[in-house]
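Just so we're aligned: 70 in the UniProt record's numbering is position 70 of the sequence shown, and the numbers increase by one with no gaps anywhere.
Cβ coordinates follow ideal geometry from the N, Cα and C atoms, glycine included.
No experiment lies behind these values; they were computed from the predicted model shown.
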Amino acid sequence: MTITAPPAPANAALSPFETGPGTPAGRYLRSFWQPIRLSTDLPAGTATPIKVMGERFTLYRGTGGKAHVTQPGCPHRRTMLSLGNVEGDSLRCMFHGWRFGEDGRCEEAPGQGPTLLKRQRVRVYPTHETYGVIFAYFGEGEPPRFHDIAGFSKKHGRDMTSALVRDTGTYKRGCNYYINVENALDLAHVAYTHKLSSDPSITEVGFDPGVIRVRDVTVERMDFGIRAVEVEHESDPVISTVMLPNAMHLLVPQRDGWLEQVAWRVPVDDESHYSIQITAMHTDEAGKERFEAYQARKADLIAKYPSTDECATAILRGEKTLFDFADHPDLVNIEDHVAQMGMQWIDEPGKENLAQSDKAVLQLRRMFVSRLGDFVAGTPVGDSDW
Ligand code: FES
Ligand SMILES: [Fe+2]
Numbered sequence: 001m002t003i004t005a006p007p008a009p010a011n012a013a014l015s016p017f018e019t020g021p022g023t024p025a026g027r028y029l030r031s032f033w034q035p036i037r038l039s040t041d042l043p044a045g046t047a048t049p050i051k052v053m054g055e056r057f058t059l060y061r062g063t064g065g066k067a068h069v070t071q072p073g074c075p076h077r078r079t080m081l082s083l084g085n086v087e088g089d090s091l092r093c094m095f096h097g098w099r100f101g102e103d104g105r106c107e108e109a110p111g112q113g114p115t116l117l118k119r120q121r122v123r124v125y126p127t128h129e130t131y132g133v134i135f136a137y138f139g140e141g142e143p144p145r146f147h148d149i150a151g152f153s154k155k156h157g158r159d160m161t162s163a164l165v166r167d168t169g170t171y172k173r174g175c176n177y178y179i180n181v182e183n184a185l186d187l188a189h190v191a192y193t194h195k196l197s198s199d200p201s202i203t204e205v206g207f208d209p210g211v212i213r214v215r216d217v218t219v220e221r222m223d224f225g226i227r228a229v230e231v232e233h234e235s236d237p238v239i240s241t242v243m244l245p246n247a248m249h250l251l252v253p254q255r256d257g258w259l260e261q262v263a264w265r266v267p268v269d270d271e272s273h274y275s276i277q278i279t280a281m282h283t284d285e286a287g288k289e290r291f292e293a294y295q296a297r298k299a300d301l302i303a304k305y306p307s308t309d310e311c312a313t314a315i316l317r318g319e320k321t322l323f324d325f326a327d328h329p330d331l332v333n334i335e336d337h338v339a340q341m342g343m344q345w346i347d348e349p350g351k352e353n354l355a356q357s358d359k360a361v362l363q364l365r366r367m368f369v370s371r372l373g374d375f376v377a378g379t380p381v382g383d384s385d386w
């Protein structure tokens with residue numbers, strides 16, 4: 001995988017790019033609920049290892065359906081708890097069978113004395129599951145109020161709860177999460193990066209061809225982040241908002257109506273991230289039928305290709321071009337993958353030349369660093385309108 005390293009920040013102490021344990025941005029991101037997995041990707045009674053912000057954890061779903069997150073290793077001999085067996089809402093280590101409850105207490109340790117049970121426990125993290133997504137809280141103390149997704153959509157979008165089509169999605173990308181956070185406000189990229197996927201003579205799904213236009217944007221400063229609104233197109237402007245620190249909301253026309261999306265860009269580590277999206281299609285019955293028919297064929301189309309990451313890597317190596325993936329259901333993603341992973345910051349740190357069309361990106365950087373500074377100084381976060 002091609003790795004794109006973060007650029008050198010102007011103020012290294014308040015870098016948005018580094019999110020490992022104990023880093024300022026890492027602590028900042030950990031003070032918000034973060035999505036960790038699509039609900040459909042975690043069957044009941046299974047456990048799996050996950051990595052978020054440079055830290056490993058165990059994610060499992062109890063046989064009754066509740067999702068749990070614990071520290072990665074067993075306190076006994078430290079093997080991975082994700083290898084273990086789920087029993088009700090407890091997890092039994094596969095090595096020597098110690099069993100830990102959903103509150104982290106050791107409930108059973110075969111062949112050991114009773115005092116051991118009192119002493120041994122694993123760290124557990126709060127979870128919340130909604131809209132088909134599992135969220136966790138990795139910060140200190142009590143978690144903040146959960147994001148008001150429906151309320152936000154009613155106030156700032158088109159009311160996702162009334163959309164005929166709702167969907168979730170996820171992908172992993174080999175570049176720093178903050179590159180993708182900023183990308184949400186870089187509306188100038190759409191006309192070029194997504195030129196192929198927006199051409200209905202070549203592709204079956206994608207943005208409305210009308211979005212292939214270069215427009216200036218108005219930048220709005222909100223309490224919770226920055227919003228970019230296309231100007232000269234008041235009737236149906238593309239609107240994109242970043243909700244600090246790492247969430248976004250997008251309204252963009254698709255061929256069958258309007259796409260509304262709430263997404264989070266979450267660091268796996270400082271060189272890669274995953275995105276989790278909750279999507280609504282504001283369309284009519286005919287559009288819904290077309291969407292569902294396409295969904296039914298999508299799995300076959302995806303099966304023709306290697307993973308999105310591998311497709312992007314082949315393009316970055318010069319072995320393929322975007323045209324080779326014209327019927328790939330994830331073409332929009334592959335386009336963003338290559339543009340973002342192709343950023344050559346690894347060779348020339350800090351050598352970008354931001355221009356007029358980057359004004360929203362620039363305002364976001366200033367606001368991110370300013371809020372990060374407030375957070376480091378002790379201002380509570382996570383209780384705004386978002
Ligand atoms: S390592 Fe888990 S029970 Fe021994
Ligand atoms: Fe894009």
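Local conformation of residue i per DSSP, three classes
i: Glu-319; result: coil
i: Lys-51; result: strand
i: Asp-269; result: strand
i: Thr-4; result: With a pLDDT of 48 at Thr-4, under the threshold of 50, the predicted position of this residue should be treated as unreliable, though the coordinate-derived value follows. In the structure shown, Thr-4 sits in a strand (DSSP, three-state: E or B).
i: Ile-179; result: helix
i: Phe-100; result: strand
i: His-328; result: coil
i: Met-281; result: strand
i: Thr-127; result: strand
i: Val-381; result: coil
i: Ser-90; result: strand
i: Arg-255; result: coil
i: Arg-213; result: coil
i: Arg-145; result: coil
i: Phe-95; result: coil
i: Phe-17; result: coil
i: Trp-386; result: coil
Proximity test, Cβ basis, 7 Å: residue i and chain D
i: Asn-176; result: Of the protein chains in this structure there is only one, and it is not chain D.
Unbroken beta strand (DSSP E) run spanning residue i, endpoints
i: Asp-167; result: 165-173
i: Ser-153; result: Counting along the chain, Ser-153 falls outside any beta strand (DSSP E), though it belongs to the alpha helix (DSSP H) covering 149-156.
i: Val-231; result: It is not in any beta strand (DSSP E) - Val-231 carries neither H nor E in the DSSP assignment.
i: Thr-63; result: Looking at the DSSP string, Thr-63 is not in any beta strand (DSSP E), and its letter there is neither H nor E.
i: Thr-218; result: 217-221
i: Val-86; result: 85-87
Close-in-space but distant-in-sequence residues of the same chain around residue i (CB under 6 Å, 5 per side omitted)
i: Asp-159; result: Ser-153
i: Ile-278; result: Tyr-131, Thr-168 and Val-262
i: Gly-26; result: Thr-19, Gly-20 and Met-53
i: Pro-6; result: Summary for Pro-6: the model assigns pLDDT 49, below 50, so the residue's position carries little reliability, and this model does not support an answer.
i: Arg-105; result: Arg-121
Residues near residue i in its chain [Cβ-Cβ closer than 8 Å; skip 5 each side]
i: Gln-340; result: Thr-4, Arg-173, Cys-175, Ile-179, Asn-180 and Asn-183
i: Glu-102; result: Gly-62, Lys-66, His-68, Asp-89, Ser-90 and Val-124
i: Thr-79; result: Gly-73, Cys-93, Met-94 and Phe-95
i: Ile-334; result: Thr-308, Cys-311, Ala-312, Ile-315, Leu-322, Phe-325 and His-328
Cβ separation of residue i and residue j, assumed to be a contact under 8 Å, to the nearest whole Å
i: Leu-372; j: Tyr-28; result: 5 Å
i: Leu-187; j: Leu-331; result: Contact doesn't hold; Cβ gap of about 19 Å is too wide.
i: Ala-191; j: Arg-213; result: 6 Å
i: Val-133; j: Ser-39; result: 6 Å
i: Gly-84; j: Ala-47; result: 6 Å
i: Val-266; j: Pro-35; result: 7 Å
i: Thr-127; j: Phe-138; result: Thr-127 to Phe-138, Cβ: 11 Å. No contact.
i: Phe-32; j: Thr-70; result: Their Cβ separation, rounded to whole angstroms, is 20 Å, which puts Phe-32 and Thr-70 out of contact at 8 Å.
i: Asp-208; j: Arg-255; result: 6 Å
i: Leu-364; j: Val-242; result: 6 Å
i: Phe-146; j: Pro-245; result: No, Phe-146 and Pro-245 are not in contact; Cβ-Cβ is about 16 Å, not under 8 Å.
Endpoints, the alpha helix (DSSP H) within which residue i is located
i: Gly-26; result: 24-30
i: His-337; result: 331-341
i: Leu-116; result: 114-119
i: Ala-67; result: Not the alpha helix (DSSP H): Ala-67 falls in the beta strand (DSSP E), residues 67-70.
i: Arg-365; result: 359-376
i: Ala-184; result: Where Ala-184 is concerned, there is no enclosing alpha helix (DSSP H), given that its DSSP letter is neither H nor E.
i: Ala-191; result: 190-193
DSSP bridge partner residues for residue i (one or two, in chain order)
i: Arg-77; result: Answer by DSSP bridge pairing: none, since Arg-77 is not bridged.
i: His-249; result: Thr-241 and Val-262
i: Gln-34; result: Ala-136
i: Cys-106; result: Phe-100
i: Ser-275; result: Tyr-171 and Arg-265
i: Gly-225; result: Met-243
i: Arg-297; result: Answer is none; Arg-297 lacks a bridge partner.
Close beta carbons around residue i, own chain, < 7 Å, minus the five adjacent residues each side
i: Arg-56; result: Pro-49 and Pro-72
i: Glu-142; result: none
i: Pro-329; result: Val-205, Lys-298, Leu-301 and Ile-302
i: Met-1; result: The pLDDT assigned to Met-1 is 40, lower than 50, so where the model puts this residue is not dependable; a value taken from the coordinates is nonetheless given after this. Only Gly-174, Asp-309 and Thr-313 meet the Cβ criterion.
i: Ile-239; result: Arg-227, Val-229 and Leu-251
i: Lys-288; result: Leu-164 and Val-165
i: Thr-321; result: Ile-315
i: Pro-306; result: none
Contact test: residue i Cβ vs ligand 3 heavy atom, cutoff 6 Å
i: Thr-193; result: In terms of ligand content, the structure shown lacks ligand 3 and carries ligand 1 and ligand 2 instead.
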